[in-house]
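Visitor:
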Amino acid sequence: MIRTQIQLPDALYAQAKRIAERQEMSLAELVRRGLEHMVRVYRADETPDPDWRLPEPLELGEFLAPIEDWRELANAAGPVDAEPA
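So, in structure tokens, the structure goes:
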């Protein structure tokens, strides 16, 4: 077994410690089980579809805002509606 160190955000560490205590296991065991789960979920032997290609780009038309406004618009708060009106 390999001994290693990891860095966790404080909130994640506290949540993990509570889960480990509730399940009556060590934090190390909780992390091992979590990693074992992730390895099963994200199988390394899956290969990408060799026939996959990028979709053709859509013609979106002319820019609706002058270039000098782009930075302000890009940093504006709120979600952007991806569906055309």
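Everything in the sequence shown is counted per the working numbering, starting at 17 for the first residue and increasing by one.
Ideal Cβ positions, reconstructed from N, Cα and C, are used throughout, including at glycine.
In this text the structure is predicted, and so the values were computed from the model without any measurement.
1. Just curious, the alpha helix (DSSP H) that A81 is in, first and last residue?
2. Would you mind stating whether I22 and V47 have Cβ atoms separated by less than 9 Å?
3. Measuring CB to CB, does L102 end up less than 9 Å from A36?
4. Give the straight-line distance between the Cα atoms of A90 and P71, rounded to the nearest whole angstrom.
5. On the DSSP letters alone, give me the boundaries of the alpha helix (DSSP H) that D29 sits inside.
Guide: On the basis of the data shown:
1. Along the sequence shown, one-based indexing puts residue 81 at 65. No alpha helix (DSSP H) holds A81; DSSP gives it neither H nor E.
2. On the sequence shown, position 6 is the one that residue 22 refers to. On the sequence shown, position 31 is the one that residue 47 refers to. Result yes, Cβ atoms of I22 and V47 sit closer than 9 Å.
3. No answer is possible for residue 102: it lies beyond the span of the chain, which begins at 17 and ends at 101.
4. By 1-based counting over the sequence shown, the position of residue 90 is 74. By 1-based counting over the sequence shown, the position of residue 71 is 55. The alpha-carbon atoms of A90 and P71 are separated by roughly 24 Å.
5. The residue you call residue 29 lines up with position 13 of the sequence shown. With the sequence shown as reference, residue 29 is identified as Tyr, and Asp is not the correct amino acid for it. Looking at the DSSP string, the run of the alpha helix (DSSP H) that includes Y29 is 26-38.
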